[in-house]
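Residues in the sequence shown are numbered consecutively from 2, following this note's numbering. Where a beta carbon is used, it is the ideal one built from N, C-alpha and C, also for glycine. Working notes, beginning with the structure itself.
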Amino acid sequence: MQVQFKVNGKPATLEVEPNTLLVQALREQLRLTGTHVGCDTAQCGACTVLVDGRAVKSCNTLAVQHPGAEITTIEGLAAADGTLHPMQAAFKECHGLQCGFCTPGMVMSAVDLCRRQPDASESQIREELDGNICRCTGYQNIIKAVRQGAAAMAAKR
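Given below as structure tokens:
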């Protein structure tokens, strides 16, 4: 089957099997390996991407379910000149990562959250990121990073 969508602002036309997961299409066909495969059961959130601006666990959805969609991966957040997205910069500045495996999905979920709820409280951030598992950080610096990223995103509007 053929599926067309925009990935990180660029048109993409892929030939996929009907059962090809979105994460497989991104990683294997488009070579966008920043989207990680962790649990394969939509529990850990490492595979989170934005589909039409909303956080979606790409290991739990088929590529053919998104014809015409605007898909953004972690590689597509930074500006063309390499300037980090405010949320990426906040994770870096606040040490919101350790091993980095969960970071792409965590950042993508945080971007979606902050677009919808720019003034989210700490408890709202914790609740929204509940579907993203980190085994290294203890979440304190992740929460700090999301709050700092939210403020930076709001300042850019």
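Annotation note: the segment 20-82 contains the following uninterrupted beta strand (DSSP E) runs of length 3 or greater, listed N- to C-terminal: 49-52, 55-58 and 71-73. The criterion of a C-beta distance shorter than 9 Å is satisfied by K145 and G97. Within the same chain, Cβ atoms closer than 6 Å to the Cβ of C45 are found at G39 and I134, the five residues on either side in sequence being excluded. Per the C-alpha coordinates, the member of V8, N20 and N9 positioned closest to M2 is N20.
By the 16-neighbour rule on beta-carbons within 10 angstroms, P68 is exposed.
The continuous beta strand (DSSP E) containing V8 extends over residues Q3 to V8. In the three-state reduction of the DSSP assignment, A153 falls in the helix class. Rounded to whole angstroms, the gap between the alpha carbons of P87 and G150 is 5 Å.
In this structure C100 is exposed. Its beta-carbon is surrounded by fewer than 16 other beta-carbon atoms within 10 angstroms. A residue is called buried once 16 or more other Cβ atoms fall within 10 Å of its Cβ, and G83, having fewer, is exposed.
Spanning the alpha carbons of A156 and A56 requires a straight line of approximately 22 Å.
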